[in-house]
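Visitor:
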Amino acid sequence: MDFGILTQLDPVTVLLALAVALVAGVVKGAIGFAMPLILVSGISSLTDPKLAIAAMLLPTVLSNVFQTFRKGIAPAIAAAREYWRYLLVVCIFIAISAQLVPLVSTRIFYFLLGVPVVALSVLQLAGVQMQVAPEYRRRAEWGLGVISGVLGGFAGTWGPTTVLYLMAINTPKAKQMVVQGVVYGLGSITLITAHVQSGIFNRDTAPLSAALLPMAMLGLWIGFRIQDRLDQALFRKVTLVVLILAGVNLLRKGLAG
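Each step along the sequence shown adds one to the number in the working numbering, with nothing skipped, and position 225 is 216.
#1: Are the CB atoms of ILE235 and VAL106 nearer to each other than 7 Å?
#2: If we call anything under 7 Å between Cβ atoms a contact, is ALA71 one with VAL173?
#3: How big is the Cα-Cα spacing for GLN218 and PHE226?
#4: Apart from the five residues on each side of it in sequence, which residues of its chain come closer than 8 Å, Cβ to Cβ, to LYS62?
#5: Distance check for ALA202 and THR4, CA to CA, integer angstroms please.
#6: So PHE(-2) is in the alpha helix (DSSP H); what residue range does that whole segment cover?
#7: Going by C-alpha distance, which of GLY134, THR148, ARG128, LEU135 is nearest ASN161?
#8: Give the straight-line distance between the Cα atoms of VAL154 and MET26, rounded to the nearest whole angstrom.
#9: Just curious, the alpha helix (DSSP H) that THR162 is in, first and last residue?
#10: For the structure I just gave you, are there three or more beta carbon pairs, one from the segment 41 to 49 and one from the segment 231 to 245, closer than 8 Å?
#11: In angstroms with no decimal places, state the Cα-to-Cα distance between LEU28 and GLU126.
#12: Please determine if the segment 195 to 209 and the segment 32 to 45 are in contact, where contact requires at least 3 C-beta pairs separated by less than 8 Å.
#13: Enumerate in chain order the residues of its own chain whose CB-to-CB distance from THR152 is below 6 Å, with the five nearest sequence positions on each side excluded.
#14: For a test of the three-state rule: what should DSSP assign to GLY63, helix, strand or coil?
#15: Please determine, among LEU30, GLY214, VAL81, the residue with the shortest C-alpha to C-alpha distance to GLN58.
#16: What is the rounded straight-line gap between the Cα of LEU30 and the Cα of ALA12?
#17: Within 10 angstroms of its Cβ, does LYS228 collect 16 or more other Cβ (buried), or is it exposed?
#18: By Cβ distance below 7 Å, which residues in the same chain neighbour TYR101 in space, the five residues on each side in sequence not counted?
#19: Start and end of the alpha helix (DSSP H) containing THR272?
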């Protein structure tokens, strides 16, 4: 059996990557997003950032499948129908921008994503309500879909902008979890396909991604148990805190280069 890049990594690095996957799974299960952010930021501090992007792909896809269908098939189909514009644009721009990852530094994209995520999350945590009026919702879906897709293709994460949008239209917790699962699920399948084409996900890098699956799924199960105990207000606060932490980490990566 070919274990690819796993044979070149020291045991401590692999164990730390597994620990990162567990934490990423717990957070993902509890609030519905941030697995790619945690995996990419954590593993890129241990090894090459492009390897980190490859490593997060399989856990991200599988966790999104579980999240999408946890409440059944009907809610997932309904969410896909309601948010089809956003889904379409995200997937298109993930596929396009992912092809440029081997050619372009992601530093500027981390920075551009981090600034608005931190700013908007801090404002909302302070009590300022960010809302998208019903008459502007279609424009917001198209615009944020493009931004999310580009950032997803380059940085492997389109969660923060998606969550900010869902919160701005006052999406209830249960529905938000389903919508996030659908958006991230289709987006992650697009992303993994795109990175097969870009060369990021290949025979050498796939074994590391597969090795992270058990710990990521264990963490997801734990996170689901936590999520079930969170009411809407606490869920919102926890989500905003995680968004701020994620945004600060993105700014760190953008400034550090």
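Cβ coordinates follow ideal geometry from the N, Cα and C atoms, glycine included.
Guide: Here's the rundown:
#1: Your numbering for residue 235 matches position 244 in the sequence shown. Your numbering for residue 106 matches position 115 in the sequence shown. Their beta carbons are not under 7 Å apart, which means ILE235 does not touch VAL106 by this criterion.
#2: As a working mapping, residue 71 is identified with position 80 in the sequence shown. As a working mapping, residue 173 is identified with position 182 in the sequence shown. Result yes, Cβ atoms of ALA71 and VAL173 sit closer than 7 Å.
#3: Position 227 of the sequence shown, counting from 1, holds the residue named residue 218. Position 235 of the sequence shown, counting from 1, holds the residue named residue 226. About 8 Å.
#4: Here residue 62 is taken as the residue at index 71 of the sequence shown, counted from 1. Closer than 8 Å at Cβ, skipping near neighbours: ALA165, MET168, VAL169.
#5: The sequence position of residue 4 within the sequence shown is 13, counting from 1. The sequence position of residue 202 within the sequence shown is 211, counting from 1. THR4 and ALA202: Cα-Cα distance of roughly 13 Å.
#6: For this step, residue -2 is matched to residue 7 along the sequence shown. The identity of residue -2 in the sequence shown is Thr, whereas the question assumes Phe. Unbroken run through THR(-2): none, as it is neither H nor E.
#7: The sequence position of residue 161 within the sequence shown is 170, counting from 1. Checked all of GLY134, THR148, ARG128, LEU135; the closest Cα to ASN161 is ARG128.
#8: For the purposes of this step, residue 154 is taken as residue 163 along the sequence shown, with counting starting at 1. For the purposes of this step, residue 26 is taken as residue 35 along the sequence shown, with counting starting at 1. Rounded to the nearest angstrom, the two C-alpha atoms are 13 Å apart.
#9: Start at 1 with the first residue of the sequence shown, and residue 162 comes out as number 171. Per DSSP, THR162 belongs to no alpha helix (DSSP H) and is neither H nor E.
#10: no
#11: The residue labelled residue 28 in the question sits at position 37 within the sequence shown. The residue labelled residue 126 in the question sits at position 135 within the sequence shown. The alpha-carbon atoms of LEU28 and GLU126 are separated by roughly 32 Å.
#12: The segment 195 to 209, when compared against the segment 32 to 45, does touch it at the 8 Å Cβ threshold.
#13: The count along the sequence shown starts at 1 and reaches residue 152 at position 161. Correct list, in chain order: LEU135, ILE138, SER139.
#14: Start at 1 with the first residue of the sequence shown, and residue 63 comes out as number 72. Three-state result, GLY63: coil.
#15: Working through the sequence shown from its first residue, we reach residue 58 at position 67. Taking only the C-alpha atoms, the option nearest GLN58 is GLY214.
#16: Counting from 1 along the sequence shown, the entry for residue 30 is found at position 39. Counting from 1 along the sequence shown, the entry for residue 12 is found at position 21. LEU30 and ALA12: Cα-Cα distance of roughly 6 Å.
#17: In the sequence shown, residue 228 corresponds to position 237, counting from 1. Per the 10 Å Cβ criterion, exposed.
#18: Counting from 1 along the sequence shown, the entry for residue 101 is found at position 110. Correct list, in chain order: ALA146, LEU241, LYS244, GLY245.
#19: In the structure as shown, the chain starts at -8 and stops at 248, and residue 272 therefore has no counterpart that could be examined.
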